[in-house]
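Engineer: Numbering (UniProt numbering), first residue to last: 1 to 76. Every residue, glycine too, gets a C-beta built ideally from N, C-alpha and C. Here's a structure for you.
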């Protein structure tokens, strides 16, 4: 079975790169703090997330289009 770790966020940021970096930094800190005992058994790297991310323009499409895409089943 293939698992996907994907987070979809639909926003209108002024600085997408800063926003993504802030989300990754804060979420990493919170996850490591709350689940430290479990994570430390399996994960010892100093960086929690990869440096990769994707920011895509929505081009003014209706929200229903995005809901349909996000909720659609994925093939594994």
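1. To the nearest angstrom, how far is the alpha carbon of residue 85 from that of residue 50?
2. Quick test of your reading: residue 48 and residue 28, contact by CB under 8 angstroms. State the CB separation rounded to the nearest angstrom.
3. Express the C-alpha separation of residue 9 and residue 61 in angstroms, rounding to a whole number.
4. Rounded to the nearest angstrom, how far is the Cβ of residue 53 from that of residue 20, given a contact under 8 angstroms?
5. Report the option in 44, 72, 68, 55 whose CA atom is closest to the CA atom of residue 14.
Structural biologist: By the coordinates alone:
1. Nothing can be reported for residue 85, as the shown portion of the chain is limited to 1 through 76.
2. That pair is a contact at about 4 angstroms.
3. Pairing residue 61 with residue 9, the inter-Cα distance amounts to about 15 angstroms.
4. With 8 angstroms as the limit, residue 53 and residue 20 qualify as a contact, their Cβ atoms being about 5 angstroms apart.
5. Considering only alpha carbons, the answer is 55.
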